[in-house]
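Using the working numbering, you'd call the opening residue of the sequence shown number 6 and step up by one each time.
Where is the CB? At the ideal position from N, CA and C, for every residue including glycine.
Keep in mind that this is a model prediction, so the values were computed, not measured.
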Amino acid sequence: MKGNRNRNKKWASLLLVGTLAASTLVGCAQQNNGTNNVTPSNAAPDSAPANEGDKVEAALPLNIMLPIFKTNYPKDDSPVAAEIEKRTNTDIHFEWVPNASYVDKFNITLASGKLPTIMYVPDVKSPSFVNAAKSGAFWELGPYLKDYPNLSGANPVILNNSSVEGKNYGIYRGRALGRNGVYYRKDWLDNVGLQVPQTIDEFYNMLKAFKEQDPDQNGKDDTYGLVLVKWTGQWSSGFDNIKLWFGAPNKWGDVDGQLVPDHMTPEYLEALKFMKKLYDEKLINQDFAIMDSAKWTDPIVNNQAGVIIDVVDGAARADDKIHAALAAEGKDQPDVHYMDVFGGVKSADGELHTLPTSGFAGMLAVPKSAVKTEEELKRVLAFIDQLNEPEMQTMLGYGLEGKHHTIEEDSVVVSKDTVLMESEVEGLNQMLTFIPEDRAKKVKQTPLRLKQTELQKENEQYIVANPAEPFISQVYTEKGAQLDNILNDARIKFIVGQIDEAGFQAALELWKNNGGDDLVKEMNELYAASK
6 MKGNRNRNKK WASLLLVGTL AASTLVGCAQ QNNGTNNVTP SNAAPDSAPA NEGDKVEAAL
66 PLNIMLPIFK TNYPKDDSPV AAEIEKRTNT DIHFEWVPNA SYVDKFNITL ASGKLPTIMY
126 VPDVKSPSFV NAAKSGAFWE LGPYLKDYPN LSGANPVILN NSSVEGKNYG IYRGRALGRN
186 GVYYRKDWLD NVGLQVPQTI DEFYNMLKAF KEQDPDQNGK DDTYGLVLVK WTGQWSSGFD
246 NIKLWFGAPN KWGDVDGQLV PDHMTPEYLE ALKFMKKLYD EKLINQDFAI MDSAKWTDPI
306 VNNQAGVIID VVDGAARADD KIHAALAAEG KDQPDVHYMD VFGGVKSADG ELHTLPTSGF
366 AGMLAVPKSA VKTEEELKRV LAFIDQLNEP EMQTMLGYGL EGKHHTIEED SVVVSKDTVL
426 MESEVEGLNQ MLTFIPEDRA KKVKQTPLRL KQTELQKENE QYIVANPAEP FISQVYTEKG
486 AQLDNILNDA RIKFIVGQID EAGFQAALEL WKNNGGDDLV KEMNELYAAS K
């Protein structure tokens, strides 16, 4: 895989250049300092029209379909939603869908033809979306972005990554490239007397100690190591991070100038065997194949488990929940961090390999069946653009000042009322695209939050890029869902022991015979043409 690492460095450089380009664009973009104003052509007057011919523009009705990670969520008439409507001259209905079942709901909604005004697209390269986009179901938004003060600052590399054959059928939701990593119970690691793991063996020893050495010191055998969930998304519940530790590529790897899918490499199988070992020894939750991602951090907060592999900024959110739970019991230690983070562990070659994001986490698309005219489209884009104003980003992330948060020394202090936050705030940030960047006020930059930010930057030098990221395969468009199901099913069955290595190899043959071989051939043709 040496050639693959050299190519990864090339791709990582391109991604970083794009990031720098976006920063330059930020400085050049015309920013609107008033968050109470919509784009001038769409602005609603503050008073009655002076002339009889003038009319107050009616509120724009918006039906927005978004994922939700909690069982509770903001209602249409909640205070923050009402304030969003007031500031943007809109009438919003939220269609919340549990994140774990969002892909199924997305596909069902696409097939129904009854689409919302704005629709979160979890996987831009999924066959269902690509087919719909290429058939004209969604507006191509790329040509319009230059007309908006914030959206015009979109990162060109991320625009390319989120495109379908060079066309942008949605607005990406920007994310840090080096966002993925590991977060864990620091107090548990201290209690079992171990250091932060540097190798795969040390990571295994940490999980084993978290199960066997009473890390919460309650005298009971009631803990385990790693929490996994059924959601695969762009990251297979932590496995896509772990496989890189074993030297497997990120989806596709360059081996001697040819693209090879990750699951066809010996390193992938070694990672699967490691996962099976963790499962057999009960170092991971035995219900991972059915566990809802809405409950992902619950075992961490409830002293049941000690490690999650996901976005590292989840550490501070989990830490906040632990503090809230302890405060309710009168046992909180405000200055103590119960969570900590690291990027990953080194593979056999002595190097760290981390999983990058594509620079975005899904995107917001606008269906033509719901938005029929260019005039209405421009109002929808003005709405999305306005949400990127600093005050709006802060409000969608933390709610209303004085009710859901306060400002102390220019930092956000979030209410400890978790029920209030879940029912009126959490989830609204799923509308944020963070273009040109995240400009919201931040919660107090505690040592943990500062470390998270530093780690995300540090991770960028170790990311394993996917050389096939920009390609759109016709084979995958037609057969991708079936091919992915074959692999996901085989992966889970191997981990839980329902099939052995021979059974896994049989699944790979099934994958190849049902279009996999055609996919590999086509991807290599696209790869050759791109050089």
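{"query": "Given T423 as reference, the closest of T76, L67, L71 once Cα atoms are compared", "result": "T76"}
{"query": "Sequence ranges, alpha helix (DSSP H) only - wholly within the segment 421-489, length at least 4", "result": "423-429, 452-464"}
{"query": "Same chain, Cβ closer than 6 Å to I538, five either side skipped, listed in chain order", "result": "Not covered by the structure: residue 538. The range shown for the chain is 6 to 536."}
{"query": "Under 8 Å between C-beta atoms of G520 and K484", "result": "yes"}
{"query": "DSSP state of I176 mapped onto helix, strand, coil", "result": "strand"}
{"query": "G32 in three-state terms, based on DSSP", "result": "Only weak support is given to the placement of G32: the predicted model assigns it a pLDDT of 34, under 50, and the value that follows is read from those uncertain coordinates. If DSSP states are grouped into helix, strand and coil, G32 belongs with the helices."}
{"query": "Inter-residue spacing [alpha-carbon to alpha-carbon] between M269 and L437", "result": "37 Å"}
{"query": "Span separating the alpha-carbon of V306 from that of Q435", "result": "23 Å"}
{"query": "Where L2 sits in the DSSP three-state scheme", "result": "Beyond the ends of the chain as shown, which are 6 and 536, falls residue 2; an answer cannot be given."}
{"query": "Cβ neighbours of Y107 in the same chain (closer than 8 Å, five flanking residues each side left out)", "result": "P72, Y125, P127"}
{"query": "Length-filtered (3 minimum) beta strand (DSSP E) runs lying within the segment 303-341", "result": "310-316"}
{"query": "Residue(s) in a DSSP beta bridge with A370", "result": "M124"}
{"query": "Uninterrupted alpha helix (DSSP H) stretches inside the segment 66-147 (no shorter than 4 residues)", "result": "84-93, 107-117, 132-139"}
{"query": "Of the listed residues Q291, Q338, P361, K336, nearest to V317 (C-alpha basis)", "result": "P361"}
{"query": "For L156 and L425, believed in contact at Cβ under 8 Å, the rounded distance", "result": "Between L156 and L425 the Cβ distance is about 32 Å, and since that is not below 8 Å, they are no contact."}
{"query": "Residue nearest to K281 in terms of C-alpha spacing, selected from V525, V501, D523, A534", "result": "V501"}
{"query": "V312 vs Y189 beta-carbon contact at 8 Å", "result": "yes"}
{"query": "Residue environment, K536, which counts as buried when at least 16 other CB atoms sit within 10 Å", "result": "exposed"}
{"query": "Classification of K377 by the beta-carbon crowding that lies within 10 angstroms, buried from 16 upward", "result": "exposed"}
{"query": "I205 beta carbon less than 8 Å from that of V350", "result": "yes"}
{"query": "Secondary structure of K351, DSSP reduced to three states", "result": "strand"}
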